[in-house]
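*Asks:* Below is one structure. I have some questions about it.
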Amino acid sequence: MAGSIEERIALGREGIATAAELAQPLAGRLHEWIITVDHKRLGLMYIGGGLFYFMVAGLQASTIRLQLAVPNAGIVSPQVFNRLLTLHGTAMVFLVGMPILIGFFNYLVPLMIGARDLAFPRLNSFGYWLWFFGALLLYFSYIGGGGLQGMGSAPAVGWFAYAPLTETPFSRGNSTDYWILSIFLTSVGSTATAINLITTAFTMRCPGMTLNKMPVLVWLAVVDAGLMLVALPPLSAAQVMLLLDRYMGAHFFDTQAGGSALLWQHFFWIFGHPEVYVLVIPAFAFASEIIPVFSRKVIFGYEVMVAASCAIGFISLGVWAHHMFSVGMTPAGNAFFVTSTMLVGIPTGIKIFNWLATMWGGRIRLRVPMLFSIAFLFQFLISGLTGIMLAVAPFDWQLTDTYFVVAHFHYVLIGAILFMIFAAVYYWFPKATGKMLDERLGQFHFWLFFFGFHMTFDTLHLAGLAGMPRRIYTYQPGRGFEELNLIASIGVILQGLGVITLVYNVIRSLAAGKSAGRDPWDAWTLEWSTTSPPPEYNFPEVPTVHSRRPLWDLKHPADPDWRYE
Amino acid sequence: MSSAGEFRIGAITHGIDAPPPIADPWVLPSRGRAGMIALIITDSTFFLIFVAAYVFYIGKSLTPPYPREVLSYPILNTICLLSSSLTIVVAARALHQGAIRRFAVWWFFTLALGVEFLIGTGREWHRLIYQAGLTLRTNLFGTTYYSLVGLHALHVTIGASAIALVMGLTWSGAVTQKHAERIEVLSWYWHFVDAVWVVVFVTVYVISTR
Chain A
1 MAGSIEERIA LGREGIATAA ELAQPLAGRL HEWIITVDHK RLGLMYIGGG
51 LFYFMVAGLQ ASTIRLQLAV PNAGIVSPQV FNRLLTLHGT AMVFLVGMPI
101 LIGFFNYLVP LMIGARDLAF PRLNSFGYWL WFFGALLLYF SYIGGGGLQG
151 MGSAPAVGWF AYAPLTETPF SRGNSTDYWI LSIFLTSVGS TATAINLITT
201 AFTMRCPGMT LNKMPVLVWL AVVDAGLMLV ALPPLSAAQV MLLLDRYMGA
251 HFFDTQAGGS ALLWQHFFWI FGHPEVYVLV IPAFAFASEI IPVFSRKVIF
301 GYEVMVAASC AIGFISLGVW AHHMFSVGMT PAGNAFFVTS TMLVGIPTGI
351 KIFNWLATMW GGRIRLRVPM LFSIAFLFQF LISGLTGIML AVAPFDWQLT
401 DTYFVVAHFH YVLIGAILFM IFAAVYYWFP KATGKMLDER LGQFHFWLFF
451 FGFHMTFDTL HLAGLAGMPR RIYTYQPGRG FEELNLIASI GVILQGLGVI
501 TLVYNVIRSL AAGKSAGRDP WDAWTLEWST TSPPPEYNFP EVPTVHSRRP
551 LWDLKHPADP DWRYE
Chain B
1001 MSSAGEFRIG AITHGIDAPP PIADPWVLPS RGRAGMIALI ITDSTFFLIF
1051 VAAYVFYIGK SLTPPYPREV LSYPILNTIC LLSSSLTIVV AARALHQGAI
1101 RRFAVWWFFT LALGVEFLIG TGREWHRLIY QAGLTLRTNL FGTTYYSLVG
1151 LHALHVTIGA SAIALVMGLT WSGAVTQKHA ERIEVLSWYW HFVDAVWVVV
1201 FVTVYVISTR
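Chains A and B supply the protein sequences, listed in that same order.
124 is the number that our numbering gives to position 124 of the first sequence; each next residue is one higher, with no gaps.
Offset between the second sequence (1-based) and our numbering: plus 1000.
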């Protein structure tokens, strides 16, 4: 095997481990992963960690659905149910959504702008390990949550941890403290990564890549990181206040001393609503790369797409209290938040039409990433429409805290975000590993998950309209909830089978998958110009670009894109 | 497939007309500055929430002491902190011009002014705790006052520690003209801490004592 970097580049094998490297003992190779500052390794560690907690929190969700499948089921006690619910929600946002999406940006942003790493590689590693140990703390609460008083276990205060339930008199032991510290650490880590991503996009682009030639994914990473910068600190600040309340006798949310429980709600949702966009903007980013490649057309309305993303980012900072219509705000407050929430629909609609226009007249290839993307378009539209329904304050008064809301936000989180995460996994797996995922197994995964998802969450809309409250651990027969809940729970089985198919597909493809080559999808952005997997330094020579699709220019020298931009 | 290195070659040899030229040299903003701007934005939001909590709870304390009874304008502290923003600019300019000795002198002034501010805050807290009987647990004013002013003081402490570190490095001869940009980035953080003090001063010492 050739040794020097030059020889390996000449053979096109710079990303592949040499025999000498493989001969290292396992401990040595693990050690390399722990000390690494390489954005690709950290990206994969984020995604891998996120997928692990996806299984854990998914099993917790399955237990919840098992408990609710039939009336008066006795699978879990009310206390255990509340812990499952809290950990499922908290973990899916902070231990699954955030790390997977940050992981993809970590991996892709430097590759797409022709850089060799993020701007601050060590800060990146710091952020990862903050996330890693923060995530451990959340689940360690099952062991340590009792504290000295021996009361409590995992946190049972819901993912938005409303005060004053989280204050010391109502939340004994250390369970709530684990919730606070875990989320505080992961948020600080995410903020560090957001600083890193923004700085990278503005200061590390390869020659020729002006801001209006950046891939849409990188633009959306900038918007996403910008949102993280201003959305995560409010939660961290409120958590510091809560810790001061719990340990130093402060009164921020102590209603007996004049403190306001409502203030926590405001602070939480000032974080919480932009957080939804922090999670969904990466889904937009994946769609904006995958849909053009599988439609064989350049993305429709690049500038408008970027502008709409920025608009979504700005507007999403001013809509938080639509989570709080039922607390009794003034009519003016209600009117403001109804209007601002509906305004988000405009730039979002622009994006949906732009993706459709990208597909219009294209030669669509229905490979697995595209299947997930098309399902995303429909499901995201529906979740947006139910969102606009819930934005109407009187409608929200009727349906808040019912399963209609649960179904609505799971349509966003699963129907839009998770579907696009799956699409991204199928699309970039060949780049990260050098192996293709199996197409037939991928199709199985898609259809199982697609039908399972609709069985569960379409029916839960109806359960909500029928008046089923959320967060109940069981219900009585004869209220019209039974059939709907049973169907919803059966859907979980299909979704679980889909995920198992994906896991099997990943393991099988890693062992014996088809070799991917540099550019299996005939794509146009820079990450496909280097080997699969890319070498540690990404590009042997820093590339130079002249258009938004540098690989198109390379493949079609007679008709390059820069003539039309 | 060809390697990434062939982009330029491909465009030149096969292109029918040449692509528009790329700016040469290709210059982008510095990492340090961009990173510091992002850090300041995110830290501002953190402060904003504490300021919001303070303003929200003005006049809502159930028991005394109230702000107007116990707070007085920290004039000396304010003058010191704000003028440290000037001395740090003078120091950064001196380093930019390569005048290390002048840099060291003004840098030392900056550090001294920052430390004076911390001492002043300590004296104010001592008076509030032992004479006015105001602690974090006393009432909502105590809760919000100590957390907001304390958060700011924490930032001053971090900034002063960084400045002290640079001071030590300067004495050991490690700081040279080529570090001018890093010093400037550090000075941005210091300006930010000063600007936050203006907000804290207005909300805590002016508005809430009305």
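Cβ coordinates follow ideal geometry from the N, Cα and C atoms, glycine included.
None of these values were measured; they are calculated from a predicted model.
According to DSSP, which residues form a beta bridge with Lys435 of chain A?
*Replies:* The residue given as residue 435 of chain A occupies position 435 in the first sequence. Beta-bridge pairing links Lys435 of chain A to A:Ser515.
*Asks:* Does Ser1072 of chain B pass the burial test, meaning 16 or more other C-beta atoms within 10 Å, or should it be called exposed?
*Replies:* For the purposes of this step, residue 1072 of chain B is taken as residue 72 along the second sequence, with counting starting at 1. Ser1072 of chain B comes out exposed.
*Asks:* Residues of chain A with a CB under 7 Å from the CB of Trp1026 of chain B: which are they?
*Replies:* Sequence index remark: in the second sequence, residue 1026 of chain B carries index 26 (1-based). Per Cβ cutoff of 7 Å: Pro207.
*Asks:* Check whether chain B comes within 7 Å of Thr199 of chain A, counting only Cβ atoms and requiring the distance to be less than that.
*Replies:* Numbered from its first residue, the first sequence carries residue 199 of chain A at position 199. Judged by the 7 Å Cβ criterion, Thr199 of chain A is in contact with chain B.
*Asks:* Using the C-alpha atoms, what's the distance from Val293 of chain A back to Gly362 of chain A?
*Replies:* Taking the first residue of the first sequence as position 1, residue 362 of chain A is located at position 362. Taking the first residue of the first sequence as position 1, residue 293 of chain A is located at position 293. One C-alpha to the other measures close to 10 Å.
*Asks:* For Pro469 of chain A, does the three-state DSSP call read helix, strand or coil?
*Replies:* Within the first sequence, residue 469 of chain A is the residue found at index 469, counting from 1. In the structure shown, Pro469 of chain A sits in a strand (DSSP, three-state: E or B).
*Asks:* Are the C-beta of Thr1157 of chain B and some C-beta of chain A separated by less than 7 Å?
*Replies:* Residue numbering aside, residue 1157 of chain B sits at position 157 when the second sequence is read from its first letter. False, the Cβ-Cβ gap to chain A never drops below 7 Å.
*Asks:* I'd like the ranges of any alpha helix (DSSP H) spanning at least 4 consecutive residues and lying wholly in the segment 1031-1061 of chain B.
*Replies:* Taking only runs of at least 4 residues, the alpha helix (DSSP H) segments lying wholly in the segment 1031-1061 of chain B are 1031-1056.
*Asks:* Quick one: using the 10 Å Cβ neighbour count with 16 as the cut-off for buried, is Gly1173 of chain B buried or exposed?
*Replies:* Residue mapping note: residue 1173 of chain B aligns to position 173 of the second sequence, counting from 1. Classification of Gly1173 of chain B: exposed, given that the 10 Å Cβ count is below 16.
*Asks:* Pick out whichever of B:Cys1080, B:Thr1135, B:Leu1095 has its Cα sitting closest to the Cα of Phe1109 of chain B.
*Replies:* Walking along the second sequence from the start, residue 1109 of chain B turns up at place 109. Minimum Cα distance to Phe1109 of chain B is reached at B:Cys1080.
*Asks:* Decide yes or no for the touch test of the segment 1150-1163 of chain B against the segment 1182-1198 of chain B: beta carbon pairs closer than 8 Å, at least 3 of them.
*Replies:* Yes, since at least three Cβ pairs between the segment 1150-1163 of chain B and the segment 1182-1198 of chain B fall closer than 8 Å, the two stretches touch.
*Asks:* Run down chain B in chain order and give the residues with a C-beta less than 9 Å from the C-beta of Thr186 of chain A.
*Replies:* Residue 186 of chain A sits at position 186 when you count from the first residue of the first sequence. Ordered by position in chain B, no residue passes the 9 Å Cβ test against Thr186 of chain A, which lies about 15 Å from the chain.
*Asks:* Mind listing the chain B neighbours of Ile195 of chain A? Cutoff is C-beta to C-beta under 8 Å, in chain order.
*Replies:* In the first sequence, the residue the question calls residue 195 of chain A occupies position 195. Simply Gly1035, Ala1038, Leu1039, Thr1042.
*Asks:* Would you mind listing the alpha helix (DSSP H) stretches within the segment 1125-1182 of chain B that are 4+ residues and don't spill past its ends, in chain order?
*Replies:* 1140-1171, all fully within the segment 1125-1182 of chain B.
*Asks:* Determine the direct distance from the alpha carbon of Ala516 of chain A to that of Tyr504 of chain A, and round the result to whole angstroms.
*Replies:* Taking the first residue of the first sequence as position 1, residue 504 of chain A is located at position 504. Taking the first residue of the first sequence as position 1, residue 516 of chain A is located at position 516. C-alpha separation (whole angstroms): 18 Å.
*Asks:* Using a cut-off of 9 Å between C-beta atoms, extract the partners of Leu1136 of chain B located in chain A.
*Replies:* As a working note, residue 1136 of chain B is residue 136 in the second sequence. The contacting residues are Leu244, Met248, Gly249, Ala250, His251.
*Asks:* Quick one: is Arg548 of chain A buried, meaning 16 or more other Cβ sit within 10 Å of its Cβ, or exposed?
*Replies:* Within the first sequence, the letter at position 548 stands for residue 548 of chain A. Arg548 of chain A is buried by the Cβ-count criterion.
*Asks:* Output needed for Thr330 of chain A: all residues of its chain with C-beta closer than 6 Å, excluding positions within five of it in sequence on either side, in chain order.
*Replies:* Locating residue 330 of chain A in the first sequence gives position 330, counting from the first residue. Closer than 6 Å at Cβ, skipping near neighbours: no residue.
*Asks:* Determine whether the Cβ of His556 of chain A lies closer than 7 Å to any Cβ atom of chain B.
*Replies:* Residue 556 of chain A sits at position 556 when you count from the first residue of the first sequence. It does not: the Cβ of His556 of chain A has no partner Cβ on chain B nearer than 7 Å.
*Asks:* Identify the contact partners of Phe1192 of chain B in chain A, using a Cβ-Cβ distance below 7 Å as the criterion.
*Replies:* Taking the first residue of the second sequence as 1, we reach residue 1192 of chain B at position 192. Under the 7 Å cutoff, chain A gives no residues; its nearest Cβ is about 14 Å from Phe1192 of chain B.
*Asks:* Given that Trp562 of chain A touches chain B, what residues does it touch there, using C-beta distances under 7 Å?
*Replies:* Residue mapping note: residue 562 of chain A aligns to position 562 of the first sequence, counting from 1. Those are Pro1019, Pro1020, listed as they occur along chain B.
*Asks:* If contacts are defined as beta-carbon pairs under 8 Å, then Asn106 of chain A and Gly43 of chain A qualify, I think. What distance do you get, rounded to the angstrom?
*Replies:* Locating residue 106 of chain A in the first sequence gives position 106, counting from the first residue. Locating residue 43 of chain A in the first sequence gives position 43, counting from the first residue. Yes, they are in contact, since the Cβ atoms of Asn106 of chain A and Gly43 of chain A sit about 4 Å apart, within 8 Å.
*Asks:* Measure the CB-CB distance between Leu441 of chain A and Gly498 of chain A and report whether it falls below 7 Å.
*Replies:* As a first step, residue 441 of chain A is located in the first sequence; it is residue number 441 there, counting from the start. As a first step, residue 498 of chain A is located in the first sequence; it is residue number 498 there, counting from the start. For Leu441 of chain A and Gly498 of chain A, no; Cβs fall outside 7 Å.
*Asks:* Roughly how many whole angstroms lie between the Cα atoms of Phe395 of chain A and Phe376 of chain A?
*Replies:* Residue numbering aside, residue 395 of chain A sits at position 395 when the first sequence is read from its first letter. Residue numbering aside, residue 376 of chain A sits at position 376 when the first sequence is read from its first letter. Between Phe395 of chain A and Phe376 of chain A, the C-alpha separation is close to 26 Å.
*Asks:* Determine the burial state of His323 of chain A: buried for a count of at least 16 other Cβ atoms within 10 Å of its Cβ, exposed for fewer.
*Replies:* If you number the first sequence from 1, residue 323 of chain A lands on position 323. It counts as buried.
*Asks:* Among A:Ile346, A:Ile299, A:Glu303, A:Ile290, which has the Cα closest to the Cα of Ser316 of chain A?
*Replies:* Position 316 of the first sequence, counting from 1, holds the residue named residue 316 of chain A. Ranking the options by Cα distance to Ser316 of chain A, first place goes to A:Ile346.
*Asks:* I think Ser182 of chain A touches Ser153 of chain A, with their Cβ atoms under 8 Å apart; what is that distance to the nearest whole Å?
*Replies:* As a working mapping, residue 182 of chain A is identified with position 182 in the first sequence. As a working mapping, residue 153 of chain A is identified with position 153 in the first sequence. Rounded, the Cβ-Cβ distance is 14 Å, inconsistent with contact.
*Asks:* Of all Cβ atoms in chain B, is any one closer than 7 Å to the Cβ of Leu229 of chain A?
*Replies:* Along the first sequence, one-based indexing puts residue 229 of chain A at 229. Chain B contact via Cβ: present.
*Asks:* Where does the unbroken alpha helix (DSSP H) through Asp353 of chain A begin, and where does it stop?
*Replies:* Numbered from 1 along the first sequence, position 353 holds the residue referred to as residue 353 of chain A. The amino acid at residue 353 of chain A is misidentified as Asp; the sequence shows Phe. That run of the alpha helix (DSSP H) goes 331-359.
*Asks:* When you compare the CB of Gly189 of chain A with every CB in chain B, is at least one pair closer than 7 Å?
*Replies:* For the purposes of this step, residue 189 of chain A is identified with residue 189 of the first sequence, where counting begins at 1. So no, Gly189 of chain A is outside the interface.
*Asks:* Relative to chain A, which residues along the segment 1043-1061 of chain B have a C-beta separation below 7 Å, given in chain order?
*Replies:* Listed by position along the chain: Thr1045, Phe1046, Ile1049, Phe1050, Ala1053, Phe1056, Lys1060, Ser1061.
*Asks:* Of all the options A:Ile493, A:Glu565, A:Ser532, which has the alpha carbon lying nearest to the alpha carbon of Leu59 of chain A?
*Replies:* Within the first sequence, residue 59 of chain A is the residue found at index 59, counting from 1. Selected option, being the one with the closest Cα: A:Ile493.
*Asks:* Using only the alpha-carbon positions, how far apart do Arg205 of chain A and Ala1023 of chain B sit?
*Replies:* The residue labelled residue 205 of chain A in the question sits at position 205 within the first sequence. The residue labelled residue 1023 of chain B in the question sits at position 23 within the second sequence. The straight-line gap from Cα to Cα measures roughly 13 Å.
*Asks:* Which residues in chain B have a C-beta closer than 7 Å to the C-beta of Met324 of chain A? List them in chain order.
*Replies:* Against the first sequence, residue 324 of chain A aligns to sequence position 324. By Cβ distance, chain B contributes nothing, its closest Cβ being about 15 Å from Met324 of chain A, past 7 Å.
*Asks:* Quick check: the Cα distance between Gly1035 of chain B and Pro234 of chain A, rounded to an integer number of angstroms?
*Replies:* Within the second sequence, residue 1035 of chain B is the residue found at index 35, counting from 1. Within the first sequence, residue 234 of chain A is the residue found at index 234, counting from 1. Looking at the two C-alpha atoms, the distance is approximately 20 Å.
*Asks:* Going by C-alpha distance, which of A:Lys514, A:Gly272, A:Thr400, A:Trp397 is nearest Met436 of chain A?
*Replies:* Locating residue 436 of chain A in the first sequence gives position 436, counting from the first residue. Of the candidates A:Lys514, A:Gly272, A:Thr400, A:Trp397, the one whose C-alpha sits nearest the C-alpha of Met436 of chain A is A:Lys514.
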